[in-house]
Amino acid sequence: MSLQSQIKAELITAMKAKDEFQTSILRMLSSALKNKEIDLGHEPSDEEVLSVVKTMVKQGKDAIADFKTGNREDLVAKQEKENLFLEHYLPEQMPDAEIQKIAEQVIAETGANSPADIGKVMGAVMKKAAGLADGNRVREIVQKILA
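Going by my numbering, the first residue of the sequence shown is number 1, and it counts up by one from there.
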């Protein structure tokens, strides 16, 4: 069963259960997936579905930061709950120790030795992490190593 089919099935289940929270999020996700399908001209693959989910989670994290600046704790809590729900569709994230090991390996391979080389190292580490690591976490670890 494809990820998109799973999402559609979960939407139907949530609607039958009259779960407004899940129904709302799954409708939003389904809408984003439909837009992606229109853009692509074909049904999105699981990787493309994951890309849409990652984008939605990132947008949610940005919204949380904005809500915190505006002292809107009610919206922060709601958005965090939505992100938590969406994140269960994403693969498990790589632990920091593993990211650090990959970063050290890339630094040794590229000969990077200063913070000016972060961009060169980041690209290679993100490629090796294969979508299992958040870019911000990777950047923090690479900066710590190169500092």
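Every residue gets a Cβ at the ideal spot worked out from N, C-alpha and C, and that includes glycine. Note that the coordinates shown come from a computational prediction; the quantities given were computed from them, not determined experimentally.
Glu87 carries a helical assignment under DSSP once its states are collapsed to helix, strand and coil.
For Glu10, the three-state secondary structure derived from DSSP is helix.
Exclusion of the five residues before and after Gly123 leaves no residue of its chain whose Cβ lies closer than 6 Å to its Cβ. About 10 Å separates the beta carbon of Leu84 from that of Ile25, a gap too long to meet the 8 Å contact definition.
Counting of Cβ neighbours within 10 angstroms places Pro44 among the buried residues, the total reaching 16 or more. Nearest in C-alpha terms to Leu33, of all of Gln93, Gly135 and Lys54, is Lys54.
DSSP places Asp66 within a helical segment (H, G or I) once states are collapsed to three.
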